[in-house]
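Listed in order, the protein sequences are those of chains U and W.
Just so you know, we're using our numbering here: the first sequence kicks off at 1 and counts up by one.
Just so you know, we're using our numbering here: the second sequence kicks off at 259 and counts up by one.
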Amino acid sequence: MKRSRIPLYTTLVCLLFFYLPIIILIVNSFNKSRFGSVWGGFSLRWYQKLMENRDVWFALKNTAIIAVSATIVSMVLGTLAAFALHRYRSRLQNAHYTLVYTPLVVPDILMGMSLLLLFVQVKVQLSLFTIFLAHVTFCISYVAMVVLARLQDFDFSVVEAARDLGASTRQVVTGVLLPLLAPGILAGGLLAFTLSIDDFVITFFVAGPGSTTLPIQIYSMIKHGSPPVINALSTILLAVTFVMVWLSQRLTEEKTTS
Amino acid sequence: MADRTSERKQEWLISAPSMVWLTVLFLAPTLLVFAISFRPSTPFGGVGEGWTLQTIRELANPNYPAIIWRTVWLSLATTVICLGLAVPCAYFMARARARWKPVLLMLVIIPFWTNFLIRIFAWKVLLHPEGLVKKLLLAVGLVEPRDILMYNENAVLLVLVYSYLSFAILPIYAAAEKFDFSLLEAAMDLGATRLRAFLQVFLPGISRGLITAALVVFIPALGSYVIPDLMGGPSGEMIGNKIAQRVFVDRNLPHASALAAVLTLAVVVPMVAVIFLQRQKKPARAKEAGG
């Protein structure tokens, strides 16, 4: 049977559309010339300039602190949420599901705005801590959804088997459930980590003075900074993204082999 | 098995941490947005005591209808273009050889995970007066040297599509993967044209994916703020920019809240409908499979 060629061409156009801007950006980060449309020879000077930029290092430190702490807390809360949602069918879980699902679809600006109002009303000083609270709030839902998807394929008869063999609840959780679900929980954590590193809008609303994160720094560089240095920073972040995607693919692939 | 009350206690125990966190830091602040819309603003950028309709009256500002209209049409246009591109892509990916599927999927997922400020910046560089796109279009003779490609609605639309296209492809691909393609052949054997088989068999078959895709593009697009901020200029502003201006420029929190409340209502209605439908469908399917 003859197949239409439209899908093939559309896919090629989309991939070109996706990657052309990114590739040009990477190439330009090694471009000696300041102007993106002229090739002035290979150079690492923009990377050197980036390394000398103390604001970037400061922002990177803040981003790391928030990402690590928000990931850990949201992994715990998200995994518990997924367990409850999977295990029980009740009115409570219907409400719980709506509460977990809604943050996934609410636009960032609304979440940022509403959290800012909360912090202003209860007179919490905006700082790294308020950013941490905000990040945990949006990460919980993502972790819960990833773990919930893993639980759907999970064979609960192993839990029954462990119980029949006399395992206590604690032994079942630490000896059976957690090791088997670890890849799913880690994949959720990885997603939370990436989201936390990337978030700009919500962070921008709840950040106080001195709590600049990397995306906020990038934003102010886009507005006022030198484009080639942003190219260099973007290239590094893209490399980190590739590694993250690769890692999370590896984690989800295990599902099919095990 | 444990008796009912301890089972119930356990359920509460496991559900409480996330429910409490999200109630305090998500549900309560969302309700607060509505409450503060009825508060007066103070000259120091705070929220005053008492209740007022002043802020709601200020929404009659003649600029707003134009901005709300632009926000809605840009979001709709983004959704339509993204779905239009995503359906053929997802179809191609789902029918690709098993060896190629993970590669294609990876190629779509990478932009999805890429920092979106970087993606916007990449286009800012391209559309810059000294950028490549401008030079190319000049060479072909499509633009005049004086034309500016950035800071207008079209630039905003372009970057919106660029940012949300992978959001649209992924759910449609997930649905297309589960679609039984022999149905298309059956339809054509029965005399349907290729187009008719595509429209009447394939599209209904992936409807869940289409609905999810439309939702995950349309809703974030409605709340866009950074893309119009960096690409749009004053002629490409969306409602998100107005919220941010009220917060960061004039520090009028009640006014920003009123705008956010309008946006929340615009977002919540389609969302609740879809959640309800999805939650409703699941048990029904389980029953079908069981019985």
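Just so you know, even glycine gets a beta-carbon here, dropped at the ideal spot from N, CA and C.
Residues near residue i by beta carbon distance below 7 Å, same chain, minus five either side
i	result
S127 (chain U)	G208 and S211
G188 (chain U)	M75, G78, Y142, V143, V146 and V147
E209 (chain W)	No information on residue 209 (chain W) is available, as it lies outside the stretch 259 to 549 that chain W covers here.
T300 (chain W)	G306
A397 (chain W)	none
Proximity test, Cβ basis, 7 Å: residue i and chain U
i	result
A380 (chain W)	yes
A518 (chain W)	yes
M496 (chain W)	no
G481 (chain W)	yes
W371 (chain W)	yes
R262 (chain W)	no
V291 (chain W)	yes
F350 (chain W)	yes
T470 (chain W)	no
I325 (chain W)	no
C340 (chain W)	no
P529 (chain W)	A quick correction: the sequence has Met, not Pro, at residue 529 (chain W). So, interface residue.
P429 (chain W)	no
L346 (chain W)	Before going further, note that residue 346 (chain W) is Pro rather than Leu in the sequence given. Judged by the 7 Å Cβ criterion, P346 (chain W) is in contact with chain U.
F425 (chain W)	no
I294 (chain W)	yes
T336 (chain W)	no
T313 (chain W)	no
L384 (chain W)	yes
A547 (chain W)	Residue placement at A547 (chain W) is flagged as unreliable, the pLDDT there being 39, under the threshold of 50; a coordinate-derived value is accordingly withheld.
Any chain W beta carbon closer than 7 Å to residue i
i	result
C139 (chain U)	no
M145 (chain U)	no
D198 (chain U)	yes
T257 (chain U)	Residue confidence is low: T257 (chain U) scores 45 on pLDDT, short of 50, so the model does not pin down where it sits. Its coordinate-derived value is still stated next. Taking Cβ atoms only, chain W never reaches closer than 7 Å to T257 (chain U), which makes this a no.
P7 (chain U)	yes
A149 (chain U)	no
L341 (chain U)	What the structure shows of chain U is the stretch from 1 to 258, and residue 341 (chain U) is not part of that stretch, so it cannot be assessed.
I218 (chain U)	yes
F154 (chain U)	no
Delimiting residues of the alpha helix (DSSP H) encompassing residue i
i	result
A286 (chain W)	A286 to I294
F370 (chain W)	K359 to W371
P403 (chain W)	Neither: P403 (chain W) is in no alpha helix (DSSP H) and is coded neither H nor E.
Q125 (chain U)	That residue, Q125 (chain U), is in no alpha helix (DSSP H); it is neither H nor E in DSSP.
F425 (chain W)	E411 to K436
M75 (chain U)	R54 to R87
R91 (chain U)	R91 to V105
L177 (chain U)	Segment: none, L177 (chain U) is in no alpha helix (DSSP H) and carries neither H nor E.
Q217 (chain U)	L214 to H224
Y322 (chain W)	N321 to R353
T203 (chain U)	V201 to V206
L488 (chain W)	That residue, L488 (chain W), is in no alpha helix (DSSP H); it is neither H nor E in DSSP.
V475 (chain W)	S465 to L480
Listed by chain order, chain U residues near residue i by CB distance under 7 Å
i	result
P478 (chain W)	P107
I501 (chain W)	I109 and M113
Contact set between residue i and chain W, taken where Cβ atoms lie within less than 8 Å
i	result
H96 (chain U)	S273, S276 and M277
S234 (chain U)	N373, I376, F379 and A380
T209 (chain U)	Position check: residue 209 (chain U) holds Pro in this sequence, whereas Thr was assumed. Neighbours of P209 (chain U) on chain W: none; closest Cβ ~13 Å, over 8 Å.
V120 (chain U)	G304, V305 and L511
Residues of its chain near residue i, where Cβ-Cβ distance is below 8 Å and the 5 sequence neighbours each way are ignored
i	result
A167 (chain U)	G175 and V176
V525 (chain W)	I477, L480 and G481
I230 (chain U)	I218, M221 and I222
V401 (chain W)	K392, L395 and L407
L341 (chain W)	A426, I430, L468, A471, A472 and V475
Other residues of its chain near residue i: CB distance less than 6 Å, five sequence neighbours each side excluded
i	result
T71 (chain U)	G189, A192 and F193
S515 (chain W)	V291, I294 and S295
R504 (chain W)	N510, H513 and A514
R45 (chain U)	none
DSSP bridge partner residues for residue i (one or two, in chain order)
i	result
N31 (chain U)	U:F42
V305 (chain W)	W:S299
Interface residues of chain U facing residue i [CB-CB closer than 9 Å]
i	result
I368 (chain W)	F18, Y19, I22, L238, T241, F242 and V245
T288 (chain W)	T102, V106, L110, M111 and S114
A514 (chain W)	M113, L116 and L117
Y420 (chain W)	F17, F18 and P21
Any non-hydrogen atom of the ligand ZN within 6 Å of residue i CB
i	result
I314 (chain W)	In terms of ligand content, the structure shown is empty, and the ligand ZN therefore cannot be addressed.
Per-residue contacts from residue i into chain W (C-beta, under 9 Å)
i	result
S90 (chain U)	R266 and E269
P203 (chain U)	In the sequence as displayed, the identity of residue 203 (chain U) is Thr instead of Pro. Under the 9 Å cutoff, chain W gives no residues; its nearest Cβ is about 11 Å from T203 (chain U).
Amino acids of chain U, ordered along the chain, whose beta-carbon sits closer than 8 Å to that of residue i
i	result
L489 (chain W)	The amino acid occupying residue 489 (chain W) in the given sequence is Met; Leu does not appear at that position. By Cβ distance, chain U contributes nothing, its closest Cβ being about 11 Å from M489 (chain W), past 8 Å.
T281 (chain W)	L99
Contact list for residue i against chain W, beta-carbon separation under 7 Å
i	result
L128 (chain U)	In chain order: nothing, as chain W lies at least about 16 Å away.
S4 (chain U)	R452
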